[in-house]
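These notes concern the structure reproduced below.
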Amino acid sequence: MKKIFSVGSFIIFLIGLVFYFLTLLGNDIFLFPAVIMAVIGFLAALFGEKTIYRKIGLFGNGLILVIGLLLPFVVTTFFWNKP
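Structure (structure tokens):
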């Protein structure tokens, strides 16, 4: 059962990566599904079996979350806050 979470996390990472790539091409509507997929994939990887799929899922989904949520939040909060 735990292996399903690991492989599922990897598959969700690939889907989220495609959504994020579409966002980078200019379709901003795909950013929210990419972040939601990354959150689901990250949580699934936490409960998965310790395999290479879990490591890829944790790292990849975490990277999408950092680049898709944390980095824009920090930039807009601390650097672009001038009127």
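Each number in the numbering used here corresponds to the 1-based position in the sequence shown with 1011 added.
Idealized CB from N, CA, C, for every residue including glycine.
Model, not experiment: these values are computed from the prediction.
- Thr1087 carries a helical assignment under DSSP once its states are collapsed to helix, strand and coil.
- Taking every protein chain shown into account, the CB of Leu1057 has fewer than 16 other CB atoms within 10 angstroms, so this residue is exposed.
- Classified as buried, Leu1069 has 16 or more neighbouring CB atoms from the shown chains inside 10 Å of its CB.
- A straight-line Cα-Cα distance of about 16 Å links Leu1033 and Leu1076.
- DSSP, reduced to helix, strand and coil, places Thr1034 within a helical segment of the structure shown.
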